[in-house]
């Protein structure tokens, strides 16, 4: 099986399981899944977030997702419990499709590492 086909199958598995557990059966897009990962990584539960907080949650998730690829490294938790990351390596200039593939690979890896999927 090709790498692209395996990623596609793994991605569909993640989307399907998230839809069952968090989306009331409705499939979530990549941005929504990244947001959920940010909420998970913050660890404060499902509370009401302001618009700026929602953007920060997306940033937390992206840093956490790209950490295994060597782009970011966890640095510290601030006094409010928000995680902060430092840049280790600048992201390469990627086309939109390439960015999407990278993020899907990172999401699949995240859920595999957290035993959400096999």
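Numbering (the numbering used here), first residue to last: 5 to 122. From the three backbone atoms N, C-alpha and C, an ideal C-beta is built for every residue, glycine too.
Item	Value
Buried versus exposed call for residue 95 [16 or more other C-beta atoms within 10 Å across all chains shown]	exposed
Which of helix, strand or coil DSSP assigns to residue 16	helix
Three or more C-beta pairs below 8 Å linking the stretch 89 to 105 and the stretch 53 to 62	no
For residue 39, the first and last residue of its enclosing alpha helix (DSSP H)	34 to 46
Residue(s) in a DSSP beta bridge with residue 90	77
Range of the contiguous alpha helix (DSSP H) that encloses residue 97	Neither: residue 97 is in no alpha helix (DSSP H) and is coded neither H nor E.
Exposed unless 16 or more other CB atoms sit within 10 angstroms - verdict on residue 108	buried
Beta-carbon proximity check, residue 113 vs residue 72, cutoff 8 Å	yes
Pairwise C-alpha distance: residue 83 and residue 19	34 Å
Which listed residue (8, 101, 99 and 78) has its alpha carbon closest to that of residue 90	78
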